[in-house]
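Numbering (the working numbering), first residue to last: 161 to 553.
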Ligand SMILES: NC(=O)c1ccc[n+]([C@@H]2O[C@H](COP(=O)([O-])OP(=O)(O)OC[C@H]3O[C@@H](n4cnc5c(N)ncnc54)[C@H](OP(=O)(O)O)[C@@H]3O)[C@@H](O)[C@H]2O)c1
């Protein structure tokens with residue numbers, strides 16, 4: 161995501177989510193907008209201060225860039241919600257953000273974290289037209305790595321409950337859903353390759369391609385991940401630590417791959433390009449293999465790229481979620497329905513097997529980022545910021 165894109169995308173998202181998804185019974189609205197310090201619906205006090213993660217120096221090394229700060233709990237403005245974050249999502253791009261790659265003009269300090277799910281504990285007057293204290297909400301935007309986050313009401317999605325499974329849909333699910341629909345040109349019987357298939361967004365690409373009637377191949381780095389991929393419909397998991405990706409594709413798919421959902425970049429991108437079928441498409445979702453480097457991008461062998469595309473009438477398509485916000489509302493509605501009715505696996509990795517154990521508490525974000533970059537996660541990496549509040553929320 162580039163610089164000003166996040167800011168302008170935020171505005172566009174506001175328009176898209178103009179009327180939030182309301183899927184459950186509403187609680188009475190309590191308008192506390194006139195108060196600078198207030199109590200939530202259940203009567204549990206909101207503390208005067210909170211902790212949040214702040215980017216203090218630009219670096220792709222998350223631990224060097226980001227610090228835990230203590231600050232006053234912010235007060236929501238007229239069209240804003242104060243959300244008590246229960247769970248926040250870890251994204252590969254958290255280190256691109258801490259490296260300042262989203263907005264090179266932006267200087268630290270700035271708040272980190274892209275997405276959260278929690279309860280509304282305070283709100284402004286105009287926000288109270290559609291939200292009430294106690295609503296379960298999810299959002300993507302800035303500053304999610306915090307105990308409390310102020311979010312524009314129009315950027316916020318009502319969810320049936322504060323379950324981390326719903327958090328997986330906001331960025332990871334939406335990226336797969338929209339990218340495949342808008343750029344995939346999928347047809348039943350086609351062969352689809354998903355890289356980083358067992359990860360946050362890969363798991364959804366596998367499932368949506370399978371539901372479209374495709375044969376799905378997925379890359380991963382362990383037998384455990386390969387086993388998970390089978391359970392979500394992947395026809396041919398490839399553990400690239402044991403099998404050479406290029407050899408398997410040449411041997412088992414001589415007619416080539418119709419569509420690649422490509423997140424890794426570097427050598428994997430090169431292999432994927434070489435494996436394309438006639439009329440094949442490769443969607444660039446990301447290039448995680450380069451994110452930890454100073455440049456942020458892994459080198460690819462692009463010299464012969466134009467010739468390789470021409471001889472196969474193949475194409476490369478870039479996808480960046482903020483450019484597709486017109487599709488966001490429909491995507492969220494459909495995926496929330498599918499998730500609630502058990503038609504979509506939304507695998508969450510809480511870090512139970514990570515060194516140091518389950519990701520609980522804001523400081524766990526650092527371990528969670530390392531865990532993802534060690535390639536250990538199965539599904540979406542999620543940190544539990546705070547326990548459920550023992551109130552009516
Ligand atoms: N374009 C967009 O709008 C958009 C939106 C969301 C995400 N994305 C992109 O989607 C990709 C996946 O992001 P995510 O947040 O869902 O992460 P994730 O897939 O949950 O986790 C990253 C996975 O990438 C794999 N990987 C391969 N090479 C790696 C390397 N050199 N270093 C670290 N991991 C490596 C690992 O799986 P294996 O070990 O099994 O290979 C790892 O588990 C990223 O490229 C991200 O930028 C793009």
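Note that CB positions come from ideal geometry on N, CA and C, so glycine has one too. Computed from a prediction, not measured in an experiment: that's the story for all the values here.
Below 8 Å between beta carbons: does that hold for residue 422 and residue 445?
Numbered from its first residue, the chain shown carries residue 422 at position 262. Numbered from its first residue, the chain shown carries residue 445 at position 285. For residue 422 and residue 445, yes; Cβs fall inside 8 Å.
For residue 506, verify whether its CB is less than 7 Å away from any heavy atom of ligand 1.
Taking the first residue of the chain shown as position 1, residue 506 is located at position 346. No, since every heavy atom of ligand 1 falls outside the 7 Å radius drawn around the Cβ of residue 506.
Just the C-alpha distance for residue 202 and residue 219, rounded to the nearest angstrom, thanks.
Position 42 of the chain shown, counted from the first residue, corresponds to residue 202. Position 59 of the chain shown, counted from the first residue, corresponds to residue 219. Only weak support exists for where residue 202 lies, its pLDDT of 48 falling under 50; the value from the coordinates is given anyway. Whole-angstrom Cα-Cα distance: 41 Å.
Count the other CB atoms, across all protein chains shown, that sit within 10 Å of the CB of residue 471; report buried if there are 16 or more and exposed otherwise.
Position 311 of the chain shown, counted from the first residue, corresponds to residue 471. Classification for residue 471: exposed.
For residue 352 and residue 281, what's the separation of their Cα atoms in angstroms?
Along the chain shown, read from residue 1 onward, the residue named residue 352 stands at position 192. Along the chain shown, read from residue 1 onward, the residue named residue 281 stands at position 121. Near 44 Å, if we compare the C-alpha coordinates of residue 281 and residue 352.
Can you say whether residue 355 is buried or exposed, counting buried as having 16 or more other CB atoms within 10 angstroms of its CB?
Working through the chain shown from its first residue, we reach residue 355 at position 195. By the 10 Å Cβ count, residue 355 comes out buried.
How big is the Cα-Cα spacing for residue 535 and residue 288?
Numbered from 1 along the chain shown, position 375 holds the residue referred to as residue 535. Numbered from 1 along the chain shown, position 128 holds the residue referred to as residue 288. If I take the Cα positions, the gap works out to 42 Å.
Please go through the same chain and pick out, in chain order, the residues whose beta-carbon is closer than 8 Å to the beta-carbon of residue 240, but skip the five residues on each side of it.
For the purposes of this step, residue 240 is identified with residue 80 of the chain shown, where counting begins at 1. Closer than 8 Å at Cβ, skipping near neighbours: 283, 284, 287, 310, 311, 312, 313.
Please say whether residue 549 and residue 519 have beta carbons closer to each other than 8 Å?
To locate residue 519, count along the chain shown from 1; it is residue 359. To locate residue 549, count along the chain shown from 1; it is residue 389. No, the pair does not count as a contact, with Cβ atoms beyond the cut-off.
What separation, rounded to the nearest whole angstrom, lies between the Cα atoms of residue 460 and residue 290?
Position 300 of the chain shown holds residue 460. Position 130 of the chain shown holds residue 290. Those two C-alpha atoms are separated by around 48 Å.
Tell me the DSSP bridge mates of residue 498?
For the purposes of this step, residue 498 is identified with residue 338 of the chain shown, where counting begins at 1. In DSSP, residue 498 forms no bridge with anything.
For residue 212, count the other beta carbons within 10 Å of its own beta carbon; 16 or more makes it buried, fewer makes it exposed. Which is it?
Looking up residue 212 in the chain shown gives position 52. Buried is the call here.
Could you have a look at residue 540 and say whether DSSP puts it in helix, strand or coil?
By 1-based counting over the chain shown, the position of residue 540 is 380. Strand, per DSSP.
Assuming residue 511 contacts residue 528 (C-beta within less than 8 Å), just tell me the rounded distance between them.
On the chain shown, residue 511 is found 351 positions in, with the first residue counted as 1. On the chain shown, residue 528 is found 368 positions in, with the first residue counted as 1. Yes, residue 511 and residue 528 are in contact; Cβ-Cβ is about 6 Å, under 8 Å.
By a C-beta neighbour count over all protein chains shown, 10 Å radius and 16 as the cutoff for buried, is residue 458 buried or exposed?
As a position in the chain shown, residue 458 is number 298, starting the count at 1. Counting Cβ neighbours within 10 Å, residue 458 comes out buried, since at least 16 surround it.
Going by Cα to Cα distance, which pick from 263, 260, 323, 253 is closest to residue 279?
Position 119 of the chain shown holds residue 279. When each option's Cα is compared against that of residue 279, the closest is 323.
What did DSSP end up calling residue 357 once you bin it into helix, strand or coil?
For the purposes of this step, residue 357 is taken as residue 197 along the chain shown, with counting starting at 1. The answer is coil: DSSP assigns residue 357 none of H, G, I, E or B.
On the DSSP bridge list, what partners appear for residue 296?
Counted from its first residue, the chain shown places residue 296 at position 136. DSSP, once it has assigned bridges, lists 279 as partnering residue 296.
Identify the continuous beta strand (DSSP E) that holds residue 242 and give its terminal residues.
Taking the first residue of the chain shown as 1, we reach residue 242 at position 82. 240 to 249 is the extent of the beta strand (DSSP E) around residue 242.
Quick check on the burial criterion: 16 or more other C-beta atoms within 10 angstroms. Buried or exposed for residue 390?
Mapped onto the chain shown, residue 390 falls at position 230. It counts as exposed.
Work out the CA separation of residue 419 and residue 439 for me, nearest whole Å.
The count along the chain shown starts at 1 and reaches residue 439 at position 279. The count along the chain shown starts at 1 and reaches residue 419 at position 259. Looking at the two C-alpha atoms, the distance is approximately 9 Å.
Taking buried to mean at least 16 other C-beta atoms within 10 Å of its own C-beta, is residue 612 buried or exposed?
Past the edges of the chain, shown from 161 to 553, lies residue 612, and the structure says nothing about it.
Below 8 Å on the Cβ atoms is my contact criterion, and I expect residue 523 with residue 317 to pass it. Report the Cβ-Cβ distance as a whole number of Å.
What you label residue 523 is simply residue 363 of the chain shown in a count that begins at 1. What you label residue 317 is simply residue 157 of the chain shown in a count that begins at 1. Rounded, the Cβ-Cβ distance is 27 Å, inconsistent with contact.
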